[in-house]
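Written out below as structure tokens is the structure these notes cover.
Chains as they are written, first to last, in our numbering: chain A, 3 to 297; chain B, 240 to 723.
The following block contains the structure:
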């Protein structure tokens with residue numbers, strides 16, 4: 003289990019597992035691992051927020067515990083729940099023999115506790131990477147519930163008492179910024195804003211995932227993607243979609259992105275009918291003209 | 240606290256000793272004495288610009304600075320940003336404040352005395368020889384050396400700034416310096432072949448260098464005027480709504496992005512009201528286990544914030560058309576905050592445009608389409624409120640109910656026709672809430688042919704001619720209604 007000693011260690015480590023971190027990404031990851039503080043990662047959809055957690059887990063050789071958030075998520079699904087069916091069975095099984103006191107002591111023991119992701123992350127024997135995905139989808143009460151966990155790495159269970167972490171997990175919270183998170187939560191985290199990568203950075207990412215793609219095509223691809231992101235779209239293409247597109251082009255054996263290839267494969271990167279029109283009009287025309295001039 | 244002038248906790252230390260503290264050698268892992276005080280001052284300054292920096296953030300900042308070599312400019316800044324600036328807007332303010340705070344004072348001396356940051360260049364050899372400087376910059380661009388480019392940008396401004404004062408417009412200065420340096424993307428065959436510019440420079444790098452120049456010039460401007468350029472994106476938005484030629488949709492979306500985030504965070508005061516709450520069976524059952532299976536404590540499903548049904552009527556006669564289209568765009572971009580939304584435009588008659596916004600993405604197309612549709616609504620070109628109310632009532636009468644909200648945007652100038660406030664009153668009585676947005680300042684209300692007083696009795700009237708006012712209104716709109 004590697005322990006990073008410098009920002010460069012983290013940077014190389016993440017690279018070695020196929021994630022090309024930006025400068026601040028590596029730095030903040032390093033600080034988080036070193037100081038044991040959670041990272042709040044914000045940014046548009048599809049810039050690799052979740053991927054970062056996966057890569058960190060792989061690099062640090064830890065298990066990834068993932069909690070996907072959604073509206074209405076509550077502690078019973080995130081923290082722990084009493085396995086009340088089992089408790090009832092126990093009560094029934096012991097109804098005759100044991101006294102009430104004994105049964106009551108028994109049924110609120112760890113044996114009847116169902117561990118949910120947050121609890122599992124804390125109780126793990128080996129340190130883990132905990133990913134709390136799309137925290138902005140939950141409501142504020144849930145955020146408040148996380149505070150104890152994030153600052154002290156402990157959980158209070160009324161019937162059992164305090165449950166402290168055996169190991170310190172590396173915690174990542176991701177947010178699409180669809181609502182302002184509370185100050186209290188932000189206060190406990192390091193903040194990392196991930197944006198769409200610069201052209202060269204994205205080129206490196208695409209090359210990493212599709213090493214067989216022709217250099218010229220790859221460069222043109224990221225340039226087109228950058229152009230498309232400039233437009234006012236409902237859903238700009240993510241990094242994952244650039245990679246998908248690169249794979250598609252590779253499969254098709256395209257040796258250039260001209261007007262025709264572009265129109266045929268555009269649906270890989272643009273997923274809204276109205277967006278399709280905008281992109282065809284603004285970028286497609288440019289490519290068509292470019293092909294006519296050069297060929 | 241821009242320059243050397245007032246730095247109280249640094250005490251009696253001279254500028255040169257502070258520079259030694261910032262740039263000097265010594266143990267790289269021990270922060271220099273006095274840096275803690277500076278960090279506190281930085282925090283203070285950030286608070287002054289509206290960034291919420293608490294004690295715990297500052298403690299974190301000290302903690303991370305123990306892990307990061309403080310003389311690596313980029314790491315130092317990123318580490319501080321990760322702990323002090325916790326949103327994108329805060330980050331923008333942080334960048335400006337940070338630059339103003341840390342590097343201005345040392346910079347002039349650094350250029351003068353050839354002191355550089357880690358990874359930088361040896362400035363002693365540069366000596367502001369213009370031709371050498373050109374070569375060095377071109378070489379740095381070609382090789383993409385970031386730290387070097389930053390230092391060279393400063394030198395370039397120092398060198399070319401001297402040949403006549405800056406124009407005051409940053410964009411102009413950037414281009415002037417770029418031309419003076421002869422930085423071009425296309426090959427320049429008339430230069431000697433060992434000149435790095437001869438083969439043309441990477442376009443990205445030139446752009447990057449321009450950005451650095453711009454940043455540097457901005458910093459100088461900040462220092463000169465001792466104030467931040469419009470730092471908060473909100474200030475930018477608090478301008479008058481478009482009244483002349485139409486602005487681009489991106490501007491609308493910027494307003495909307497802000498609004499959306501605000502809308503999502505409010506409405507929580509509602510949760511807690513139990514009157515209409517539904518019992519959550521699963522949670523109640525779970526709670527009942529503690530009482531031996533008897534549900535003593537009821538658990539409720541959380542109350543969600545209200546999403547109103549909205550009917551918007553917009554005047555699109557020439558006097559208010561831009562404000563109307565802008566307003567409609569904002570509402571439609573927000574449509575997922577509302578359960579249902581129908582929009583109408585009117586001049587003399589009324590015409591529904593709901594699907595125009597679902598179809599068109601660009602602001603221009605929308606306004607053209609509305610122009611076409613409004614043609615249907617326009618006969619004489621004069622607004623006829625009386626007729627509009629009657630037609631509107633006919634169209635939606637069956638659908639209006641106490642949970643619906645009606646919003647009218649118009650200047651209430653009837654051109655002398657009958658205002659028919661009685662029909663308006665009937666509509667207002669059927670709907671739960673009725674708002675009137677007037678794009679004219681309150682000062683002009685009820686002057687000339689404006690009859691807003693007649694309608695104001697039946698609705699809440701707002702003046703709405705800046706984006707700030709618009710935002711206030713949308714807040715009021717999604718806030719739960721407290722009717723007597």
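A virtual CB, placed ideally from N, CA and C, is assigned to each residue, including glycine.
Computed from a predicted model, the values in this text were never measured in an experiment.
What are the complete beta strand (DSSP E) segments, minimum 3 residues, inside the segment 131-165 of chain A? 156-159
Within chain B, the residues that residue 201/A reaches when beta carbons sit closer than 8 angstroms: In the first chain, the residue the question calls residue 201/A occupies position 199. The contacting residues are 443.
Taking all protein chains shown into account, decide if residue 373/B is buried (16 or more other Cβ within 10 angstroms of its Cβ) or exposed. Within the second chain, the letter at position 134 stands for residue 373/B. Flag for residue 373/B reads buried.
For a test of the three-state rule: what should DSSP assign to residue 256/A, helix, strand or coil? The residue you call residue 256/A lines up with position 254 of the first chain. It is coil, neither helix nor strand.
Okay, do the segment 153-163 of chain A and the segment 191-203 of chain A touch, 3+ Cβ pairs below 8 angstroms being the bar? no
Continuous beta strand (DSSP E) assignments of at least 3 residues falling wholly in the segment 185-211 of chain A: 192-195
Report the option in 68/A, 110/A, 221/A, 186/A whose CA atom is closest to the CA atom of residue 88/A. Counted from its first residue, the first chain places residue 88/A at position 86. Out of 68/A, 110/A, 221/A, 186/A, 110/A has the C-alpha closest to the C-alpha of residue 88/A.
Below 8 angstroms between beta carbons: does that hold for residue 678/B and residue 639/B? Residue mapping note: residue 678/B aligns to position 439 of the second chain, counting from 1. Residue mapping note: residue 639/B aligns to position 400 of the second chain, counting from 1. The answer is no: Cβ separation not under 8 angstroms.
Answer with yes or no whether the minimum CB distance from residue 266/A to chain B is below 8 angstroms. Translated into positions along the first chain, residue 266/A becomes position 264. No, its Cβ sits nowhere closer than 8 angstroms to a Cβ of chain B.
Between residue 590/B and the ligand ATP, is there a pair consisting of the residue's CB and a ligand heavy atom that are separated by less than 7 angstroms? With respect to the ligand ATP, the structure shown offers nothing to examine, as it has no ligands at all.
Straight-line gap, residue 116/A to residue 642/B (C-alpha atoms, nearest Å): Working through the first chain from its first residue, we reach residue 116/A at position 114. Working through the second chain from its first residue, we reach residue 642/B at position 403. Near 43 angstroms, if we compare the C-alpha coordinates of residue 642/B and residue 116/A.
What do you reckon, are the CB atoms on residue 437/B and residue 444/B nearer than 8 angstroms? Here residue 437/B refers to the residue found at position 198 of the second chain. Here residue 444/B refers to the residue found at position 205 of the second chain. No.
Out of 577/B, 586/B, 548/B, state which residue places its alpha-carbon closest to the alpha-carbon of residue 563/B. Against the second chain, residue 563/B aligns to sequence position 324. The shortest C-alpha separation from residue 563/B is found at 586/B.
Please report the Cβ distance between residue 276/A and residue 236/A, rounded to the nearest whole angstrom; I am assuming they are in contact, meaning their Cβ atoms lie under 8 angstroms. Translated into the one-based positions of the first chain, residue 276/A becomes position 274. Translated into the one-based positions of the first chain, residue 236/A becomes position 234. Right, the Cβ-Cβ distance comes to about 7 angstroms (below 8 angstroms), so this counts as a contact.
Near residue 7/A, which residues of its chain fall below 8 angstroms by C-beta distance, leaving aside the five closest residues on each side in sequence? For the purposes of this step, residue 7/A is taken as residue 5 along the first chain, with counting starting at 1. There are no such residues.
If you draw a straight line from the alpha carbon of residue 379/B to that of residue 142/A, how long is it in whole angstroms? For the purposes of this step, residue 379/B is taken as residue 140 along the second chain, with counting starting at 1. For the purposes of this step, residue 142/A is taken as residue 140 along the first chain, with counting starting at 1. For residue 379/B and residue 142/A, the distance between alpha carbons rounds to 49 angstroms.
Three-pair Cβ contact test at 8 angstroms for the segment 208-221 of chain A versus the segment 73-88 of chain A: no
Checking contacts by CB at 8 angstroms: is residue 608/B closer than that to chain A? In the second chain, residue 608/B corresponds to position 369, counting from 1. So no, residue 608/B is outside the interface.
When you compare the CB positions of residue 676/B and residue 646/B, do they come within less than 8 angstroms of one another, or not? In the second chain, counting from the first residue as 1, residue 676/B sits at position 437. In the second chain, counting from the first residue as 1, residue 646/B sits at position 407. Against a cut-off of 8 angstroms, the Cβ pair of residue 646/B and residue 676/B comes out as a contact.
Can you give me, in chain order, the residues of the segment 184-195 of chain A that have a beta carbon less than 7 angstroms from any beta carbon in chain B? 185, 188, 189, 192, 193, 194, 195
Do the segment 292-300 of chain B and the segment 11-30 of chain A make contact, defined as three or more Cβ pairs closer than 8 angstroms? no
Segment limits, beta strand (DSSP E) that includes residue 661/B: Translated into the one-based positions of the second chain, residue 661/B becomes position 422. Careful: residue 661/B lies outside any beta strand (DSSP E), inside the alpha helix (DSSP H) at 660-669.
Whole-number beta carbon distance between residue 314/B and residue 9/A, since they are thought to touch under 8 angstroms: Counting from one through the first chain, the residue named residue 9/A turns up at place 7. Counting from one through the second chain, the residue named residue 314/B turns up at place 75. Right, their Cβ atoms sit about 7 angstroms apart.
Within 10 Å of its beta-carbon, does residue 244/B have 16 or more other beta-carbons around it, so buried, or fewer, so exposed? Start at 1 with the first residue of the second chain, and residue 244/B comes out as number 5. Caution is warranted here: a pLDDT of 38 is assigned to residue 244/B, below 50, making its placement in the model unreliable, and the coordinate value is therefore given only provisionally. Classification of residue 244/B: exposed, given that the 10 Å Cβ count is below 16.
Residue 335/B: which of 525/B, 439/B, 455/B sits nearest, CA to CA? As a first step, residue 335/B must be located in the second chain, where it is residue number 96. When each option's Cα is compared against that of residue 335/B, the closest is 455/B.
Proximity below 8 angstroms, CB of residue 16/A to CB of residue 306/B: Position 14 of the first chain holds residue 16/A. Position 67 of the second chain holds residue 306/B. No, these two residues do not count as a Cβ contact at 8 angstroms.
Buried or exposed, going by whether 16 or more other CB atoms sit within 10 Å of the CB of residue 251/A? Taking the first chain and counting its residues from 1, the one referred to as residue 251/A is at position 249. Flag for residue 251/A reads buried.
What do you get for residue 282/B, buried or exposed, if any count of 16 or more other CB atoms within 10 angstroms of its CB means buried? Against the second chain, residue 282/B aligns to sequence position 43. By the 10 Å Cβ count, residue 282/B comes out buried.
With 16 as the cutoff for other CB atoms within 10 Å, does residue 388/B come out buried or exposed? Within the second chain, numbered from 1, the residue matching residue 388/B stands at position 149. Flag for residue 388/B reads buried.
Please report the residue range of the alpha helix (DSSP H) in which residue 277/A lies. Working through the first chain from its first residue, we reach residue 277/A at position 275. Its alpha helix (DSSP H) spans residues 275-281.
Can you give me the start and stop residues for the beta strand (DSSP E) that residue 217/A sits inside? Working through the first chain from its first residue, we reach residue 217/A at position 215. Per DSSP, residue 217/A belongs to no beta strand (DSSP E); it is in the alpha helix (DSSP H), 217-232.
From the beta carbon of residue 389/B, is the nearest beta carbon of chain A less than 8 angstroms away? Along the second chain, read from residue 1 onward, the residue named residue 389/B stands at position 150. False, the Cβ-Cβ gap to chain A never drops below 8 angstroms.
Residues of chain A with CB closer than 9 angstroms to the CB of residue 275/B, please, in chain order. For this step, residue 275/B is matched to residue 36 along the second chain. Residues of chain A passing the Cβ test: none, with the nearest at roughly 17 angstroms.
Mark residue 129/A as exposed unless 16 or more other C-beta atoms lie within 10 angstroms of its C-beta, in which case mark it buried. Here residue 129/A refers to the residue found at position 127 of the first chain. Answer is buried; the Cβ neighbour count reaches 16.
Leaving out five residues on either side along the sequence, give the residues of the same chain with a beta carbon under 6 angstroms from the beta carbon of residue 402/B. Here residue 402/B refers to the residue found at position 163 when the second chain is read from its first residue. Because residue 402/B sits at a pLDDT of 46, beneath the cut-off of 50, its placement in the model cannot be relied upon, and the following sentence gives the value as read from the coordinates. Cβ within range, chain order: n/a, list empty.
Apart from the five residues on each side of it in sequence, which residues of its chain come closer than 6 angstroms, Cβ to Cβ, to residue 158/A? For the purposes of this step, residue 158/A is identified with residue 156 of the first chain, where counting begins at 1. Closer than 6 angstroms at Cβ, skipping near neighbours: 164.
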